[in-house]
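Protein chains in written order, with the UniProt record's numbering: chain A, 1 to 349; chain B, 1 to 165; chain C, 1 to 165. Using N, Cα and C, we set each Cβ at its ideal position, and we do this for glycine too. Just below is one structure, and these are the notes that go with it.
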Amino acid sequence: MELTFVIEKVVLVSVIFLITLGIAAYSTLAERKIAGYIQGRVGPHRAGPFGVFQPLADGGKMFFKEEIIPSQSNPFLFIAAPCLALLTASIGSAVIPWGQDVTIGDRVIQLQVANINVGILYIFGVVSLGVYGIMIAGWSSNNKYSLMGSVRAASQNISYEIAMGLSLIALLMVTQTLSLREIAEQQNGFWQNGWFSWNFFCQPIGFLIFLVCSFAECNRTPFDLPESENELVAGYHTEYSGFKLGAFLFSEYINMFVSSAVMSTLYFGGYNFPFMNDLGLSANIIAVLGVLFLFAKIFFFIFFFMWIRWTVPRFRYDQLMNLGWKVLIPLSIANIVVTGIWITVKDLL
Amino acid sequence: MESLSNRKKVLEQKPMSFGEKIYLPSIAKGLAITFKHIFKKRETIFYPEELRPMSENWRGLHSLKRDENGKERCTACGLCALACPAEAITMEAAERKKGEENLYREEKYAAVYEINMLRCIFCGLCEEACPKEAIYLDGPFLEADYLRKDFIFGKDKLVEEPLKP
Amino acid sequence: MNLFYFVAFLSIFFSLLVIFSKNPVYSVLYLIVTFFTFSIHYILLNAQFLAIVNFIVYMGAILVLFLYVLMLLNLNKESEPMKSNLLKVVGVIAGLCLLLTVAGSLKLLHASDPVLLKNPDIGLVRNLGKVLFKEFLLPFEVSSILLLSAMVGAVLLAKKDITKV
Ligand code: SF4
Ligand code: SF4
């Protein structure tokens, strides 16, 4: 391995990590602003113009609050849980292709940390690990509400993972590859061979299932049963305070960012944008524009997450399970079958 | 049973149609509504800078009034304390000395006059009871504080500013 | 090779911890770490697909269920029924039998001879898929039917009233 390669990757990783943190921090502000706007309020506006320093103030507050470790809890796991939650949330972004290759001099720089050929499965694995932070938190705090929250989290995540995986399988049948970079490249431009090139337009049902499941995996409303505050106090993080609580809340926003990025990459063309090849721009400019477009898509999805949160009320637990097992899973299997038939027919013609 | 008023509405519980069952159209409708709300007028009043318009008979913090010559009107008759249902008012009376005529209107005045704002329910009965029109509840909100003792307002906080010549 | 020995040491270390830790929840947590080291082994063998599937299926799903059940049971020293000595003896015998069987079958297969992969890329998704769906199609499908029957059995067991099925 040459040195420049290592430097390049280290820089890329740190930039992505910083951007992730920044976006997660400002998502908290955005969430409160959007909540305010939707409810006819203004949201936080005191800290700096339009409240831009609110995330800093919140972080400072979290930092200076008293850290309480319940005496009946399990101290090691109690501290390990939020770290695990943050960790599993942030490693997901490693395989996302952020843009086309940039050429500087005669070096080609890939805007992706790791181009592994099982990218989708990696994302899927990371998502399925995400529940451990919550489960360990719930169990180690030795509180019935927390335990209920973590039990709910576990069953919810496992149920929705199945539907998510099945919807991904239909997508894979279309793309014929597991590498996120190749998937992104296949969706070049916007219009190809007489049809939209973005996967959303061949897999609308699959996208819908994936969207619902990613809401459930991120524990966002309407699937926020693990922390449903009016039944379970605060669910799995009832006993948490100070910075550890902050870590949990933060990991939720990082999860949201990563799953928005995954959704834009898998179904909405990633860094591709309409007419990208017809404007006669140089490759580097296209790459930079592509990154901007990817972030625009990600921001839209983050907005969508919040928009849904302030619109749709929480599901009841049995409704959640019914939706997962009796609706989404059969629907995604049907989607696989239909996709299979469609691919065979297309090959025959 | 026969309905007497004939205003009873019988609601029929129809089984949900397919469109209702898949739930997505109603979610889309909800999303449209909340999206519209983003651009609506905000109801927020930025409190310390901006005050909500109060009604004519708004009852806020008390103030002890002065008469047109700037003399304190209260004569420490104790009627307000008697009328107060919350036992919030206490006072000590004193006799006006020579040379204090420009300070107090009557010969007897309140040397100490305290209202415990934590007890007060802002009912306004003291205002009604006062024969001298000396106390009015025309102030602003009661502000928060850290210590209980700071909620006992003495004359320094209650009496109006002296008239400007 | 050094990396291999390090990871192998970790696997054995954590699997011993699984057995020796008193608290079953800890056991499961150590088991998770053990499976994680297995995933690393797969990656070292250039079997990305197996690594990630091990990751998803074992770490992400099966052990979550283990943890789920154990958390709900909340076993500890007081609530655990004392195991009789007979049970322990039977357990040891059964374990030894399993060890014998595994060792015997490995010996029969000459698997202890150093394995040289003819095709080092066999673990990649594309190649693995081709092998599974061309050479081993029948066993693959049969095993899926086996899983299906196990699933049906589980559902039957979970039903309260079997006669109504
Ligand atoms: S407003 Fe009512 S409660 Fe308050 S001091 Fe006057 S009489 Fe008492
Ligand atoms: S405020 Fe009025 S009622 Fe109360 S003591 Fe003074 S004069 Fe009497």
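When rounded, the separation of the alpha-carbon atoms in residue 12 of chain C and residue 34 of chain C is 8 Å. For ligand 1, a non-hydrogen atom lies closer than 8 Å to the CB of residue 85 of chain B. In the DSSP assignment, residue 99 of chain A falls within the beta strand (DSSP E) that extends over 99-104. When C-alpha distances from residue 76 of chain B are compared across B/42, B/126, B/53, the shortest belongs to B/126. By the Cβ test, the segment 83-93 of chain B is in contact with the segment 113-125 of chain B, since at least three Cβ pairs between them sit closer than 8 Å. Per the C-alpha coordinates, the member of B/2, B/133, B/49 positioned closest to residue 71 of chain B is B/133. Residue 122 of chain A has a beta carbon lying within less than 9 Å of a beta carbon in chain C.
Looking at the DSSP output, residue 108 of chain B shares a beta bridge with B/95.
Residue 109 of chain A: member of the beta strand (DSSP E) spanning 107-111, first to last residue. Residue 54 of chain C sits in a helix when the DSSP states are folded into three classes. A Cβ-Cβ distance of about 7 Å is found for the pair residue 148 of chain B and residue 118 of chain B, placing them in contact under the 8 Å criterion.
At a cut-off of 9 Å between beta-carbon atoms, residue 42 of chain B makes contact with chain A.
Here DSSP, grouped into helix, strand and coil, assigns residue 21 of chain A to helix. With contact defined as three or more Cβ pairs closer than 8 Å, the segment 265-272 of chain A and the segment 188-201 of chain A are in contact.
Taking a Cβ-Cβ cut-off of 7 Å, the neighbours of residue 131 of chain A in chain C comprise 64, given in sequence order.
Short note on residue 93 of chain B: C-beta not closer than 8 Å to any heavy atom of ligand 1. Residue pairing for residue 192 of chain A: DSSP places it in a beta bridge opposite A/195.
When CB distances to chain B are screened at a threshold of 7 Å, the residues of the segment 309-339 of chain A falling below it are 310, 311, 312, in chain order. Residue 167 of chain A is positioned such that its CB atom lies closer than 9 Å to that of residue 205 of chain A. Taking 7 Å as the Cβ-Cβ cut-off, the segment 235-246 of chain A has no residue approaching chain B. Judged by pairs of C-beta atoms under 8 Å, the segment 60-76 of chain A touches the segment 133-141 of chain A, as three or more such pairs exist. In this chain, residue 314 of chain A is not harboured by any alpha helix (DSSP H), its DSSP state being neither H nor E. Against chain A, the CB of residue 55 of chain C has a partner CB under 9 Å away; the residue lies at that interface. A Cβ of chain C is located within less than 9 Å of the beta carbon of residue 155 of chain A. As computed with DSSP, residue 28 of chain A is found in no beta bridge at all. Nearest C-alpha to residue 27 of chain A among A/288, A/55, A/64: A/55. With respect to the C-alpha of residue 69 of chain C, the residue from A/152, A/19, A/68, A/169 having the closest C-alpha is A/152.
With respect to residue 123 of chain A, residue 95 of chain A sits close: the two C-beta atoms are nearer than 9 Å. Within 8 Å of the CB of residue 205 of chain A, no CB atom of chain B is found; the nearest one sits about 11 Å away. In the structure shown, residue 64 of chain B falls within a strand segment according to DSSP collapsed to helix, strand and coil. With three or more CB-CB distances shorter than 8 Å, the segment 226-242 of chain A counts as touching the segment 56-69 of chain A. In chain order, 28, 31 place their CB closer than 8 Å to the CB of residue 66 of chain C, counting only its own chain and leaving out the 5 sequence neighbours on each side.
Close CB contacts of residue 286 of chain A within its chain, under the 6 Å cut and outside five residues either way in sequence, are with 276 (chain order). Leaving aside the five residues that flank residue 207 of chain A on each side, the residues in its chain whose CB is nearer than 6 Å to its CB run, in chain order, 200, 267.
The segment 39-59 of chain B and the segment 316-328 of chain A do not touch, with fewer than 3 CB-CB distances between them shorter than 8 Å.
Not one beta carbon of chain C lies nearer than 9 Å to the beta carbon of residue 173 of chain A.
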